[in-house]
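> Numbering (the numbering used here) for the sequence shown: 34 to 833.
Here it is, the structure in full.
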Amino acid sequence: MTDKLNLPSQSDIQAVLTLDRETLPSFPQVAAKLLEVSKDDTAPLEEVAKIVETDPGISIRVLELVNSAFYGLSRKVTSLSDAVVILGLDEIKKLALGIAIFEKIFKTGHTKEFNRLMFWRHSLAVAVLSMKIAQKIEYPNPEEAYTAGLLHDVGKIFLDLQGHRDYGKFIRNLSESTDLVIEKERSEIGLGHDDIGAFFCARWQLPENLVLAVKYHHQPFENHDLAEDEKQLIAIVCMADFLCWTQGMGSFDFIRPPILAPEVEACINPEKIDIINCILEMNKEIEQISAFYQFVFPSVNQLKENLLWANIKLSRANTKYYYQGDPTSQTQATALSQDNLLPSDIGFEMGKALSKAKTVKEVLGIVMYQVGCIFQPCHWSILLKDTKTGDMIFSVVVGTNSKLLQGVRLPKGEGIAGYVMETGTPLVVDDVTKDKRFSNWVDKQTRFKTRSIIATPLKTDDKIFGVIELVNRINEEAFSEQDLGLLSSIAEYAAIAIERSYYHQALTNLATRDSLTGLKNRFSFERTVSGPDDIQARLGRVFSILILVVGGLTRQYEALGQDKCDKAIKNLAAILNKTKRREDLIFRYADNSFITLLPMTYSDGAQKAQARMKKALAQASEENKQIFTSVTIQSHTMTGEDAGQLKSLVAQALAKTRQPEQKSNVPDMQENIQGLVEKEITRKEIEETKGISPEQTQKETIKNFGKSVFLQGQFKRLKTGEFGKIRVEQVSLSAIGFRISKSHRIHVNDFLDIEFNLDDIKRALIKRRVVVRKIQGNYIYGEFYNPPPYAKNLGFYIFS
Numbered sequence: 034m035t036d037k038l039n040l041p042s043q044s045d046i047q048a049v050l051t052l053d054r055e056t057l058p059s060f061p062q063v064a065a066k067l068l069e070v071s072k073d074d075t076a077p078l079e080e081v082a083k084i085v086e087t088d089p090g091i092s093i094r095v096l097e098l099v100n101s102a103f104y105g106l107s108r109k110v111t112s113l114s115d116a117v118v119i120l121g122l123d124e125i126k127k128l129a130l131g132i133a134i135f136e137k138i139f140k141t142g143h144t145k146e147f148n149r150l151m152f153w154r155h156s157l158a159v160a161v162l163s164m165k166i167a168q169k170i171e172y173p174n175p176e177e178a179y180t181a182g183l184l185h186d187v188g189k190i191f192l193d194l195q196g197h198r199d200y201g202k203f204i205r206n207l208s209e210s211t212d213l214v215i216e217k218e219r220s221e222i223g224l225g226h227d228d229i230g231a232f233f234c235a236r237w238q239l240p241e242n243l244v245l246a247v248k249y250h251h252q253p254f255e256n257h258d259l260a261e262d263e264k265q266l267i268a269i270v271c272m273a274d275f276l277c278w279t280q281g282m283g284s285f286d287f288i289r290p291p292i293l294a295p296e297v298e299a300c301i302n303p304e305k306i307d308i309i310n311c312i313l314e315m316n317k318e319i320e321q322i323s324a325f326y327q328f329v330f331p332s333v334n335q336l337k338e339n340l341l342w343a344n345i346k347l348s349r350a351n352t353k354y355y356y357q358g359d360p361t362s363q364t365q366a367t368a369l370s371q372d373n374l375l376p377s378d379i380g381f382e383m384g385k386a387l388s389k390a391k392t393v394k395e396v397l398g399i400v401m402y403q404v405g406c407i408f409q410p411c412h413w414s415i416l417l418k419d420t421k422t423g424d425m426i427f428s429v430v431v432g433t434n435s436k437l438l439q440g441v442r443l444p445k446g447e448g449i450a451g452y453v454m455e456t457g458t459p460l461v462v463d464d465v466t467k468d469k470r471f472s473n474w475v476d477k478q479t480r481f482k483t484r485s486i487i488a489t490p491l492k493t494d495d496k497i498f499g500v501i502e503l504v505n506r507i508n509e510e511a512f513s514e515q516d517l518g519l520l521s522s523i524a525e526y527a528a529i530a531i532e533r534s535y536y537h538q539a540l541t542n543l544a545t546r547d548s549l550t551g552l553k554n555r556f557s558f559e560r561t562v563s564g565p566d567d568i569q570a571r572l573g574r575v576f577s578i579l580i581l582v583v584g585g586l587t588r589q590y591e592a593l594g595q596d597k598c599d600k601a602i603k604n605l606a607a608i609l610n611k612t613k614r615r616e617d618l619i620f621r622y623a624d625n626s627f628i629t630l631l632p633m634t635y636s637d638g639a640q641k642a643q644a645r646m647k648k649a650l651a652q653a654s655e656e657n658k659q660i661f662t663s664v665t666i667q668s669h670t671m672t673g674e675d676a677g678q679l680k681s682l683v684a685q686a687l688a689k690t691r692q693p694e695q696k697s698n699v700p701d702m703q704e705n706i707q708g709l710v711e712k713e714i715t716r717k718e719i720e721e722t723k724g725i726s727p728e729q730t731q732k733e734t735i736k737n738f739g740k741s742v743f744l745q746g747q748f749k750r751l752k753t754g755e756f757g758k759i760r761v762e763q764v765s766l767s768a769i770g771f772r773i774s775k776s777h778r779i780h781v782n783d784f785l786d787i788e789f790n791l792d793d794i795k796r797a798l799i800k801r802r803v804v805v806r807k808i809q810g811n812y813i814y815g816e817f818y819n820p821p822p823y824a825k826n827l828g829f830y831i832f833s
């Protein structure tokens, strides 16, 4: 092996792993021989068959797979020589290589948190996609790219089996953070899985190209003395790994798109190799093989394309800031880049947090928190556009009397925000009294006085769907052009992340929900009852299942028409929802069948649930009765020990049912984003505050909130610098009530920096900025300025 590998030393490996020869996996002999044969394009088919035959276990698995529905052969294949002739040399090598590596290295596990099937699904997906990309760019050896993809994460196996650090606990902690997997491994474990994998691949004497791909799939490689084909192979695996994570097919059960090194796109331009087609081909091949390995893959092609490009844009932005330099450097932490973008550490941290966010609400929370930290405005908001009327809606509002603005409409073109929405031009106004575009409409609504405004559009590609607007600064200074550059960069991040989250949520709904009724679908049911342990954990030791079938539904559709029958099915779903208990689960399993799972329910409880359903169906409207009279309900009660038979029970009961067709069209994000935000924030929350005065809002909020406490602390008033002691008497995640000396000069809307210790075991110190909202003698009620979306210490304390 050459110096360009720069492998870790034996002592480096021993610092993180126990090198126990008896338990460390060795590279399968069959796989090694197949790799050797792969170098010779003229190798006879008989030689490949003989190699596979040397391992009876793998021979049986290959024949089992060859005879599965995956290949759909018309006759039974009983010999490996026949299998090789029918499938061809490349396909049989791929099968045997994959099975050998899976059975000998990847299958056995150490920790429960490291899901081997999920890891193997990721490895297979990267392998298949690597081969597809290699074929598109005419890489000379696509099968080599397949093998490199299969082995790229092998270092994680060694960390799990022999790591000094509990890798399961590491994964568990990682799922709660926003850090990159590889960076967290290096900082907490000592080495990344890339270096560890390359070390063992070299020890197994695998071809150097494969070792290089394993070594550099998470590292910059431009400055190493690599040949063009070596760089190309590394770039292929990097791109395939990145794309699989963006598609929700990572090696762990959480979303964490990796950094894509700049040299990868220099080697492979994702926009010029028809990546969407590569993804679809990969999906097709993986879905075909999924039954063999018991994978489950949702697939909605157009939506996956949207999600893919949203992820690529987000990761590009994240990469741009990451590669400005060392994100931990103190000198760069405060310096702006040449493009006047975010400081590198803020940009990188925001990118990591946004990469993890799964919902639009989470994205908005992260963005608004960062805006508060960086600019320290008195009031700030995100306004989203109503595409039907052109009005703007205050969708997220922070600051004085924020509840009075939540959900309020700003007329089309009104004020600074309206101008920014109409023109798409970022704008800073240091004195609104001198700008004709300013409207005091919001000031009248909230009773605060605007001095300075900064606003920038939220846009992705050529579409503008909202505006971020900041009003006044805590220190009363005006916003600057430099602030505008910073805010525009944040808006770029926010727009990409909102788009990504929107499509992620839409994909999840399409994959798991029935498009007509909104109930969970057959895919959801299959996942819920995927294994006896999962069933028992979800449903308990004894549970019941109700299977509801609508008889003659096909004839009813022909007789009554599509609209009437669809409406009846939706009404039936509504009845099932109305009659179920909170913990019960309902699925639309097929066109004419529904399933209800009743956790911790004996047969008498199931009979009661069945009676409730029948009674509700009998009371249905006349137009639905024609369909509902043909409904039959079966009831079964099972124990946890019999849970493994649940799937076969349902299959037998519904042998002739047909799964409902899902509508795969996804509404335009720009037209639906506001509705999604309203669902997440809830209409009730918006409606409750309409028409209420600021005084009423404060009184209602102060009445009863948070936890009653008796905590000592201190305050500092920002405006004057005066300080003193406080006694905290009430606290919640968003507000605080405390007493202070009567001789103070504090006024409503003043900003105070406070700190106090909780009376928990750790005596946790809480430091927050507070905006004074109400003063009653020496009692002060304040709201936390810019509370983070994750307040762990305080949250655990309040809800414990």
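C-beta: ideal position from N, C-alpha, C; glycine also.
In angstroms with no decimal places, state the Cα-to-Cα distance between residue 313 and residue 584.
Walking along the sequence shown from the start, residue 313 turns up at place 280. Walking along the sequence shown from the start, residue 584 turns up at place 551. Whole-angstrom Cα-Cα distance: 37 angstroms.
> Could you spell out the range, first to last residue, of the beta strand (DSSP E) harbouring residue 741?
The residue labelled residue 741 in the question sits at position 708 within the sequence shown. Where residue 741 is concerned, the enclosing beta strand (DSSP E) stretches over 740-750.
> Considering only their Cβ atoms, is the gap separating residue 461 from residue 471 smaller than 9 angstroms?
The residue given as residue 471 occupies position 438 in the sequence shown. The residue given as residue 461 occupies position 428 in the sequence shown. No.
> I need the straight-line Cα distance from residue 415 to residue 505, nearest angstrom please.
For the purposes of this step, residue 415 is taken as the residue at position 382 of the sequence shown. For the purposes of this step, residue 505 is taken as the residue at position 472 of the sequence shown. Using only the alpha carbons, I get a separation of about 15 angstroms.
> For residue 850, which of helix, strand or coil comes out of DSSP?
The requested residue 850 does not occur in the structure, where the chain is confined to residues 34 to 833.
> Going by C-alpha distance, which of 656, 617, 801, 765 is nearest residue 9?
Within the shown structure, residues of the chain are numbered from 34 to 833, placing residue 9 beyond reach of any answer.
> If we require 3 or more residues per run, which beta strand (DSSP E) segments fall completely within the segment 482-517?
486-493, 496-506
> Nearest to residue 456 by alpha carbon, out of 425, 133, 497?
Against the sequence shown, residue 456 aligns to sequence position 423. Among 425, 133, 497, the Cα nearest to that of residue 456 belongs to 497.
> Who pairs with residue 799 in a beta bridge, going by DSSP?
Sequence index remark: in the sequence shown, residue 799 carries index 766 (1-based). DSSP output for residue 799 lists 789 as bridge partner(s).
> From the DSSP output, in three-state form, read off residue 671 for me.
One-based indexing of the sequence shown puts residue 671 at position 638. In this structure, residue 671 counts as strand in the three-state DSSP scheme.
> Assuming residue 22 and residue 229 are in contact, meaning their beta carbons sit under 8 angstroms apart, how far apart are those beta carbons, in whole angstroms?
As shown, the chain starts at 34 and ends at 833. That puts residue 22 outside it, with no answer to give.
> Would you tell me roughly how many angstroms separate the C-alpha atoms of residue 134 and residue 260, rounded to the nearest one?
Numbered from 1 along the sequence shown, position 101 holds the residue referred to as residue 134. Numbered from 1 along the sequence shown, position 227 holds the residue referred to as residue 260. Spanning the two alpha carbons is a distance of roughly 28 angstroms.
> Based on the DSSP output, what are the partners of residue 577 in its beta bridges?
Mapped onto the sequence shown, residue 577 falls at position 544. DSSP links residue 577 through a beta bridge to 631, 670.
> Can you check which of these residues, 406, 791, 601, is closest to residue 660 by C-alpha distance?
As a working note, residue 660 is residue 627 in the sequence shown. The shortest C-alpha separation from residue 660 is found at 601.
> Just checking my contact of residue 575 with residue 635 at CB under 8 angstroms: how many whole Å lie between their CB atoms?
If you number the sequence shown from 1, residue 575 lands on position 542. If you number the sequence shown from 1, residue 635 lands on position 602. Between residue 575 and residue 635 the beta-carbon gap is near 6 angstroms, inside 8 angstroms, which marks them as a contact.
> Could you name the residues that DSSP lists as bridge partners for residue 772?
On the sequence shown, position 739 is the one that residue 772 refers to. 760, 812.
> Using C-beta distances below 8 angstroms, list every residue in its chain close to residue 100, excluding the 5 sequence neighbours before and after it, in chain order.
Within the sequence shown, residue 100 is the residue found at index 67, counting from 1. 106, 109, 110.
> May I have a chain-ordered list of the alpha helix (DSSP H) segments no shorter than 4 residues that lie completely inside the segment 96-122?
113-120
> Under a three-way DSSP split, which group does residue 14 fall into?
Since the first and last residues shown for the chain are 34 and 833, residue 14 lies out of range.
> What residue range is occupied by the uninterrupted beta strand (DSSP E) comprising residue 425?
Indexing the sequence shown from 1 puts residue 425 at position 392. Annotation: the continuous beta strand (DSSP E) that includes residue 425 extends over 425-431.
> Which whole-angstrom value is the C-beta distance of residue 408 and residue 516, which I expect to be below 8 angstroms?
Your numbering for residue 408 matches position 375 in the sequence shown. Your numbering for residue 516 matches position 483 in the sequence shown. Indeed, because the Cβ distance is near 6 angstroms, the residues count as touching under 8 angstroms.
> Helix, strand or coil: which one does DSSP assign to residue 725?
To locate residue 725, count along the sequence shown from 1; it is residue 692. Per-residue confidence for residue 725 stands at a pLDDT of 45, beneath the threshold of 50, marking its modelled position as unreliable; the derived number appears in the next sentence. Here residue 725 sits in coil by DSSP.
> Roughly how far, in whole angstroms, is the beta-carbon of residue 503 from the beta-carbon of residue 404, given that I think they are within contact range, below 8 angstroms?
By one-based count along the sequence shown, residue 503 stands at place 470. By one-based count along the sequence shown, residue 404 stands at place 371. At roughly 7 angstroms, the Cβ-Cβ gap stays under 8 angstroms, so residue 503 and residue 404 are in contact.
> Ignore the nearest five residues each way along the sequence and tell me which others in residue 441's own chain have a CB closer than 6 angstroms to its CB.
Here residue 441 is taken as the residue at index 408 of the sequence shown, counted from 1. Contacts found: 427.
> State the start and end residues of the unbroken beta strand (DSSP E) segment that holds residue 236.
On the sequence shown, position 203 is the one that residue 236 refers to. Counting along the chain, residue 236 falls outside any beta strand (DSSP E), though it belongs to the alpha helix (DSSP H) covering 226-236.
> Would you mind working out which of 740, 563, 644 sits nearest residue 677, comparing C-alpha positions?
As a first step, residue 677 must be located in the sequence shown, where it is residue number 644. Taking only the C-alpha atoms, the option nearest residue 677 is 563.
> With which residues is residue 554 paired in a DSSP beta bridge?
Here the question's residue 554 lines up with position 521 in the sequence shown. 621, per the DSSP bridge assignment.
> Enumerated in chain order, which unbroken segments of the alpha helix (DSSP H) with a length of 4 residues or greater are wholly contained in the segment 121-206?
122-134, 149-169, 175-184, 188-195
> Exposed or buried, what is residue 336 when buried is set at 16 or more other beta-carbons lying within 10 Å of its beta-carbon?
Working through the sequence shown from its first residue, we reach residue 336 at position 303. Because residue 336 carries a pLDDT of 47, less than 50, the predicted location of this residue cannot be relied on, and the following value inherits that uncertainty. Buried, because 16 or more other Cβ atoms sit within 10 Å of the Cβ of residue 336.
> Quick check on the DSSP output: the alpha helix (DSSP H) that includes residue 597 runs from which residue to which?
Taking the first residue of the sequence shown as 1, we reach residue 597 at position 564. Taken as a continuous stretch (DSSP letters only), the alpha helix (DSSP H) holding residue 597 covers 595-612.
> Per DSSP, what kind of secondary structure is residue 48 in: helix, strand or coil?
Here residue 48 refers to the residue found at position 15 when the sequence shown is read from its first residue. Residue 48 falls in the coil class under three-state DSSP.
> Cα-Cα, which of 771, 790, 276, 826 is closest to residue 807?
Counting from one through the sequence shown, the residue named residue 807 turns up at place 774. The candidate whose alpha carbon is nearest that of residue 807 is 771.
> Assign residue 48 to buried or exposed, taking buried as 16 or more other Cβ atoms, counted over all protein chains shown, within 10 Å of its Cβ.
Counting from one through the sequence shown, the residue named residue 48 turns up at place 15. Exposed, by the Cβ-count rule.
> Just checking, does the segment 158-165 make contact with the segment 181-199 on the three C-beta pairs under 8 angstroms criterion?
yes
> What does a CB cutoff of less than 7 angstroms around residue 294 pick up in its chain, not counting 5 residues either side in sequence?
On the sequence shown, residue 294 is found 261 positions in, with the first residue counted as 1. Cβ neighbours of residue 294 beyond the five flanking positions: 253, 271.
> Judging by CA-CA distance, which residue of 632, 530, 646 is the nearest neighbour of residue 605?
Locating residue 605 in the sequence shown gives position 572, where the first residue counts as 1. Per the Cα distances, 646.
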